[in-house]
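Take a look at the structure set out below.
Numbering (the working numbering), first residue to last: 4 to 267.
Here is the structure:
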């Protein structure tokens, strides 16, 4: 673990330059440039809000705003998008960078490090756009927003752990790359991003505890929508799970990195 951290520090220039090059190349010759990173998720939020706001607005007690559902949706999307992007990109990173891994000698841990940095940058821009949307809708944030820092760290640890495990397996069994996007879609709909958890019948709510993103998205809503501190025990619970999964993912990645190069 310490060796990986030293490798990341030693190759920090390579990591930061790769993140910058990725950002620039993604929007090369685009008139709006990085604004597309904000426009795409906000359009999705707008579609859901327009379709479901009249149905679900009454299910959101405690928000004195006629745009309550749109605010709720933006907050949940902010947390989910970071998780889904890291998992999705870690899933294919070793296959996408197979030629680079075979031709150059460099710490392979820099590849997920680049993904983390890029996804955090994307999420930061999305957060800025979310704040602008909140202000336009007359919703103010409180100091509870500072809780987003540990929440984002928990998402990164959880997503990297899951993403590295799936990414390694995907090198050897390519069917994984086809199944995981479907599972992410199912997981999205089993996470209260688009709907509040209180609309689920009580006899089925116990199944939601198996979803590791449930306490995180709930905490995002607490912080951004209701302006209150997240539940401490839920943060401890998800923090432990995230750290364990991240360590397991890093361990499997380290053990399989040499064999992955041979397979690729």
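C-beta: ideal position from N, C-alpha, C; glycine also.
It should be emphasised that the depicted structure is a prediction, and the values quoted were computed from it without experimental measurement.
Assigned exposure category for residue i - 16 Cβ within 10 Å defines buried
i	result
residue 168	buried
residue 71	buried
residue 92	buried
residue 154	buried
residue 105	exposed
residue 209	exposed
residue 126	buried
residue 249	buried
residue 263	buried
residue 23	exposed
residue 86	buried
residue 216	buried
residue 175	exposed
residue 121	buried
Alpha carbon of residue i to alpha carbon of residue j, nearest angstrom
i	j	result
residue 164	residue 177	19 angstroms
residue 218	residue 241	7 angstroms
residue 14	residue 113	7 angstroms
residue 83	residue 223	10 angstroms
residue 80	residue 88	12 angstroms
residue 173	residue 179	5 angstroms
residue 18	residue 107	15 angstroms
residue 211	residue 161	17 angstroms
residue 138	residue 144	9 angstroms
residue 235	residue 103	43 angstroms
residue 97	residue 16	21 angstroms
residue 170	residue 204	35 angstroms
residue 260	residue 201	44 angstroms
residue 12	residue 256	18 angstroms
residue 78	residue 238	17 angstroms
residue 29	residue 251	32 angstroms
residue 130	residue 152	12 angstroms
residue 10	residue 50	43 angstroms
residue 191	residue 20	32 angstroms
Member of the options whose CA lies at the smallest distance from the CA of residue i
i	options	result
residue 189	214, 146, 263	214
residue 199	166, 209, 220, 181	220
residue 141	17, 69, 94, 101	69
residue 136	46, 8, 264	46
residue 8	262, 110, 159, 264	110
residue 132	100, 42, 203, 101	42
residue 149	230, 187, 186	230
Nearest-angstrom Cβ-Cβ length linking residue i and residue j, presumed shorter than 8 angstroms
i	j	result
residue 147	residue 232	6 angstroms
residue 166	residue 247	Not a contact, Cβ separation roughly 15 angstroms.
residue 75	residue 228	5 angstroms
residue 183	residue 94	5 angstroms
residue 26	residue 124	7 angstroms
8 angstroms Cβ cutoff, residue i in contact with chain C
i	result
residue 227	In the displayed structure, chain C is absent; only one protein chain is listed.
Query raised in the report: Are there three or more Cβ pairs, one per stretch, closer than 8 angstroms when the region 191–199 is compared with the region 117–131?
Result: no
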